[in-house]
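Report on the structure given below.
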Amino acid sequence: MKVLAICGSPRKGNTEWMLRKLLEGLDSAEVDTELVLLRKLNIKGCDGCLACEAGGENREGICRIEDDMQQLYAKLLDADCMVFGTPAYFEMVSGQLKTFMDRTCPIWTKLSGKPIAGVAVAEGGIGQAIRNLRTYGKVCGMRWVGSVTALAKTPKEASKNPRIERRLRILAEKITGALKAS
Ligand SMILES: Cc1cc2nc3c(=O)[nH]c(=O)nc-3n(C[C@H](O)[C@H](O)[C@H](O)COP(=O)(O)O)c2cc1C
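Numbering-wise (my numbering), the sequence shown opens with residue 4 and increments by one.
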């Protein structure tokens, strides 16, 4: 079993810490985990050519933009479960995460049935950020497992709150249950 976490924060901060803690709770003999830091990758915006979709000139589900997204397609298809993490930016997912989501266009129909969970951090109001993640999962036909949200402003704030750590452990248990059920 493989769980792939995607971190949509442009800094080494709360979202990354939450995802690392969550994956720690999942690490076991049966579960392989990997954390992808979008901030370290060069992922350009989708240019809307739609060549990746059936009926387009390129029918193989391949994106023609040659950047670091190319190395993520196989990882996404290979994963048995995904966790998306984002800071709330204007009460929505970060631009980095949205850019990544848009670029999953060549493979989104192949994600159907996979479990998905989310974490989000905001200074004062999560707003639509978790709803954005759920909507992505719904459009792709994925199975929503659950989420953890945290209120924090400075990069290490969430890590000082034991209640968040406890909630991440509970989400890890839910993910383990979803993996066993699939
Ligand atoms: C561009 C930008 C927009 C933000 N918008 C919001 C917001 O709408 N609501 C909020 O409560 N916090 C907002 N914040 C604060 C961040 O969500 C907060 O600092 C969070 O801890 C960042 O998570 P990170 O440490 O994982 O990057 C914003 C921060 C930035 C840089």
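For each residue, glycine too, the CB sits at the ideal point set by N, CA and C. Owing to the predicted nature of the structure, the values given are computational and were not obtained by experimental measurement.
Looking at the structure shown, is residue i part of a helix, part of a strand, or coil, going by DSSP?
i	result
Gly130	coil
Ser97	coil
Asn61	Residue confidence is low: Asn61 scores 49 on pLDDT, short of 50, so the model does not pin down where it sits. Its coordinate-derived value is still stated next. DSSP places Asn61 in coil when its eight states are reduced to three.
Met104	helix
Ser115	coil
Less than 7 Å separating the Cβ of residue i from some heavy atom of ligand 1?
i	result
Arg14	yes
Lys177	no
Phe103	no
Gly121	no
Thr18	yes
Ala8	no
Phe93	yes
Which residues mark the beginning and the end of the alpha helix (DSSP H) in which residue i is found?
i	result
Leu53	Here Leu53 belongs to no alpha helix (DSSP H), and DSSP marks it neither H nor E.
Original post:
At which residue ranges does the region 16-48 contain complete beta strand (DSSP E) runs of 3 or more residues, listed in the order of the chain?
Top reply: 35-40
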